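Residue numbers for the sequence shown follow my numbering, beginning at 4 and rising by one.
Each residue gets a CB set at the ideal place from its N, CA and C atoms; glycine is no exception.
Quick caveat, the model's predicted, so the values are computed rather than measured.
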Amino acid sequence: MFDIIIWAGAALSLLGLAGLVWCILRVNRARKAGLSDDDLRAAVQAVLPWNLGALFLSVIGLMMVMVGISLG
Numbered sequence: 004m005f006d007i008i009i010w011a012g013a014a015l016s017l018l019g020l021a022g023l024v025w026c027i028l029r030v031n032r033a034r035k036a037g038l039s040d041d042d043l044r045a046a047v048q049a050v051l052p053w054n055l056g057a058l059f060l061s062v063i064g065l066m067m068v069m070v071g072i073s074l075g
């Protein structure tokens, strides 16, 4: 039963990691576009909520893995 919690947590962690990579690529693309300082700041601010959400998802997944291991 606790295997389900472990694998679900691993899947959530991988989704969070994919989100973090997406955020990195999007900001890197904005940096290479040669935007002005204000436009670059706006691009980074637009990605920030996605970045925090992906980080939160990854942390929740890792906590699920730890709980599944501890209980199993």
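Item: With distances taken between CB atoms, is the gap from Leu17 to Ile63 smaller than 9 Å?; Value: no
Item: Counting pairs of beta carbons, one from the stretch 65–72 and one from the stretch 40–48, are three or more of them closer than 8 Å?; Value: no
Item: Which runs of the alpha helix (DSSP H), 4 residues or longer, sit entirely within the stretch 5–50?; Value: 5–35
Item: Answer with buried or exposed for Ser61, where buried requires no fewer than 16 other C-beta atoms within 10 angstroms of its C-beta.; Value: buried
Item: Is it buried or exposed for Ala21, if we count other Cβ within 10 angstroms and need 16 for buried?; Value: exposed
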